[in-house]
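Enquirer: Got a structure for you, written out below as structure tokens; questions coming shortly.
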């Protein structure tokens, strides 16, 4: 005997065996019990949810004669009488199933309706079941309208379709319509467990969970995938085997991606994308699982009790839900959904996946200990090579007043930029004394040069420190001026091909006690989004107490940040009253952050130029130059 697939072997034989369609079962069972039978039924729903099964059970209920042969219309067909057995086996002459996808013409429908004038042969009712009825032609629909409206009392129509929008309204108005819903993953998983238990096939809960999710609400698809998984695992269903068969992404990869996004680590995000490429996993499947994880994280935040504690992944979902605020989860969920539709537009699917992940990272406010925006990066292009110098802040540069640094959000820098550098100390023209003193580079007070500009190194004798090394008399640089122009007071000029970029508007930072107090007040809070941007861009002009509440006077330049909704949110976060005025801020948290970064940048550049090893290399290699923007300080969490 040939093998019977699980979807056919375990097809429900009664209304009690139907899974996930209680609303349809209740309506039909009450109608059969009370004898309130309609002449035409329309069952709609996606594939594999039980439309044909319900029509067969309805046909058995209408024609069942009971085990003793004396039964009538019932909501619980016996399954043993001739009518029930013949309908189950497909040989009941009064039950006709017509596939409208292959019989969509008016001739087939006319032939079917011609037989409607004859009474049932062996049954109580004739039942015409037309599957995929939306595939019928317009003439076929018109041919059946009159019979469908007023059929003989012994004739029942059962129509089934996956696309009810294509069914004419004249047909819909003549039918009693039932919508069969996609089944919940938990119901599918429970039913698969019962089927595999009856088949004596061992299965891991994780494997059943993967199969139920892959079925997407279709029980027939779930049973078909189960058949395939049994064959793939040689009679044993394991989570790893089912995952390999489905080509789905390991949940650990998706969890690692969310962890990387929560930490705002671009390196970790790229590493996870490379790992997915190396494992040959689907980019579309990754985004699908990522969207599913974001949905469960949002559910854990909004309704924690809705999660199933028996699920082994619930604890991990709740941990991830605590890492991101609700609005960011919603934004990343939307990006994952739209990213799946954009994959076919990317050069390859992994490039599209990486760009979606980087887009999530770019739109997320900076996470833990973010790297501050450097003012040099605002006017300089990225350098080809980077010389990283890990040094403390030298005494030659006046440090910015220390204050707790809040977690900054990515600050968009409009044109013109409002970077506020600290005024650099000018180099002293006095001769070098016996005691070593730090030498400040002249370029700290000059605007940044273009990418092609070259810096003329200082004469070695001008930057000697401690006489610890003998640098010798190396050949002069190629672009060094002639000896008669090397005067102590000669200004240092750039090479002719160095072009000055358009200088952005620069505002001097004027630190005030009110600004320091405002920074300390905001640092104690975790304010994100545009509300946090308002707090960082505002200059505190003063603070008073009125009616037991603080009243802050703030100056904000950007009109969009002075919106009443943002001001109200910041007032709620501070539990204070805010008085906002328009104007250019001269002391704000954002300006202090940029000033601190610029001070560290200049300190690193000065130390790189005055370092003995740097001067040795410049003297030994005449063509060597320090590329502008190639020196970056190593920022510690305390800065």
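In UniProt numbering, the protein residues as written are 1 to 639.
C-beta: ideal position from N, C-alpha, C; glycine also.
Just so it is clear, the structure is predicted and the values come from calculations on it, not from any experiment.
1. With DSSP as the reference, please indicate the residues paired to residue 129 in a beta bridge.
2. DSSP state of residue 16, grouped into three classes?
3. What three-state label does DSSP hand residue 205 in the structure shown?
4. Look at the Cβ atom of residue 60, then the Cβ atom of residue 180, and state whether they are nearer than 8 Å.
5. Quick one, are the C-beta atoms of residue 255 and residue 316 less than 8 Å apart?
6. Check the C-beta distance from residue 237 over to residue 202 and give it rounded, since I have them as a contact under 8 Å.
7. Below 8 Å CB to CB, which residues in the same chain sit around residue 559 once its five sequence neighbours on both sides are set aside?
8. Assuming residue 6 is part of the alpha helix (DSSP H), what are its boundary residues?
9. Cutting at 7 Å between CB atoms, please list the residues of its own chain near residue 614, excluding the five before and the five after it.
10. How about the segment 569-578 and the segment 547-554: do they share at least three Cβ pairs that are nearer than 8 Å?
11. Beta-carbon separation of residue 232 and residue 245 under 8 Å?
12. Evaluate residue 347 with the Cβ neighbour count: other Cβ atoms within 10 Å of its Cβ, from every protein chain shown; 16 or more gives buried, anything less gives exposed.
13. With the cut-off set at 8 Å, would you say residue 286 and residue 276 are in Cβ contact?
14. Count the other CB atoms, across all protein chains shown, that sit within 10 Å of the CB of residue 321; report buried if there are 16 or more and exposed otherwise.
15. Determine the contact status of residue 212 and residue 192, defining contact as a CB-CB distance below 8 Å.
16. For residue 554, write down the residues that DSSP places opposite it in a beta bridge.
17. Using the rule of at least 16 other Cβ atoms within 10 Å of the residue's Cβ for burial, across every protein chain shown, is residue 598 buried or exposed?
18. Hey, quick one: how far does the beta strand (DSSP E) through residue 632 stretch, first residue to last?
19. From residue 66 to residue 166, what distance separates their C-alpha atoms?
20. Could you tell me which of 62, 41, 528, 602 sits nearest to residue 570, measuring between CA atoms?
21. Counting pairs of beta carbons, one from the segment 81-89 and one from the segment 102-120, are three or more of them closer than 8 Å?
22. In its own chain, which residues sit with a C-beta less than 7 Å from the C-beta of residue 19, not counting the 5 before and 5 after it?
23. I'd like to confirm the pairing. Which residues does DSSP put opposite residue 549 in its beta bridges?
24. Measuring CB to CB, does residue 49 end up less than 8 Å from residue 217?
25. For residue 642 and residue 136, I'd like the C-alpha separation in whole angstroms.
26. At what residues does the alpha helix (DSSP H) containing residue 573 begin and finish?
27. Does the beta-carbon of residue 587 have 16 or more other beta-carbons within 10 angstroms, so that it is buried, or is it exposed?
28. Taking residue 16 as the reference, which of 627, 595, 75 has the closest Cα?
29. Who pairs with residue 177 in a beta bridge, going by DSSP?
30. Count the other C-beta atoms from every protein chain shown that fall within 10 angstroms of the C-beta of residue 535, then say buried if there are 16 or more, exposed otherwise.
31. May I have a chain-ordered list of the alpha helix (DSSP H) segments no shorter than 4 residues that lie completely inside the segment 329-364?
32. Rounding to the nearest angstrom, what Cα-Cα distance links residue 627 and residue 332 in this structure?
33. Could you check what DSSP says for residue 145 in three-state terms: helix, strand or coil?
34. Does residue 627 come out as helix, strand or coil in the three-state DSSP assignment?
35. What's the call for residue 388, buried or exposed, on a 16-neighbour Cβ count within 10 Å?
36. Bridge partners of residue 237, per DSSP?
Expert: Taking the structure as given:
1. The partner list for residue 129 (beta bridge, DSSP) reads 97, 158.
2. DSSP, reduced to helix, strand and coil, places residue 16 within a helical segment of the structure shown.
3. Helix at residue 205.
4. For the pair residue 60 and residue 180, the CB atoms are not nearer than the 8 Å cut-off.
5. Closer than 8 Å, so yes.
6. About 7 Å separates the two Cβ atoms, so the contact holds.
7. If we look at residue 559 and ignore the five residues flanking it on each side, its Cβ neighbours are 582.
8. Counting along the chain, residue 6 sits inside the alpha helix (DSSP H) bounded by residues 6-9.
9. Contacts found: 608.
10. The segment 569-578 vs the segment 547-554: in contact.
11. Contact: yes.
12. By the 10 Å Cβ count, residue 347 comes out exposed.
13. Cβ atoms of residue 286 and residue 276: closer than 8 Å.
14. Classification for residue 321: buried.
15. Contact: yes.
16. By DSSP's assignment, residue 554 forms a beta bridge with 540, 580.
17. A residue is called buried once 16 or more other Cβ atoms fall within 10 Å of its Cβ, and residue 598 is buried on that count.
18. Membership of residue 632 in the beta strand (DSSP E) is indicated by the continuous run 631-633.
19. The alpha-carbon atoms of residue 66 and residue 166 are separated by roughly 39 Å.
20. Per the Cα distances, 528.
21. Not touching, per the Cβ criterion.
22. Within the same chain, Cβ atoms closer than 7 Å to the Cβ of residue 19 are found at 183, 187, 191, 219, the five residues on either side in sequence being excluded.
23. Per DSSP, 546.
24. Against a cut-off of 8 Å, the Cβ pair of residue 217 and residue 49 comes out as a contact.
25. Because the chain in this structure spans residues 1 to 639, residue 642 falls outside the shown range and cannot be described.
26. For residue 573, the enclosing alpha helix (DSSP H) covers residues 564-574.
27. Using a 10 angstroms sphere on the CB of residue 587, the tally of other CB atoms reaches 16 or more, which defines it as buried.
28. Of all alpha-carbon atoms in 627, 595, 75, the one lying nearest the alpha-carbon of residue 16 is that of 75.
29. In the DSSP assignment, residue 177 forms a beta bridge with 42.
30. That one is buried.
31. Within the segment 329-364, the complete alpha helix (DSSP H) runs of at least 4 residues are 349-362.
32. Roughly 39 Å separates the two Cα atoms.
33. Here residue 145 sits in helix by DSSP.
34. Residue 627 sits in coil when the DSSP states are folded into three classes, being neither helix nor strand.
35. Low local confidence applies: a pLDDT of 36 at residue 388 is under 50, so the model's placement there is unreliable, with the coordinate-based value given in what follows. Result: exposed.
36. When beta bridges are read from the DSSP output, residue 237 appears opposite 203.
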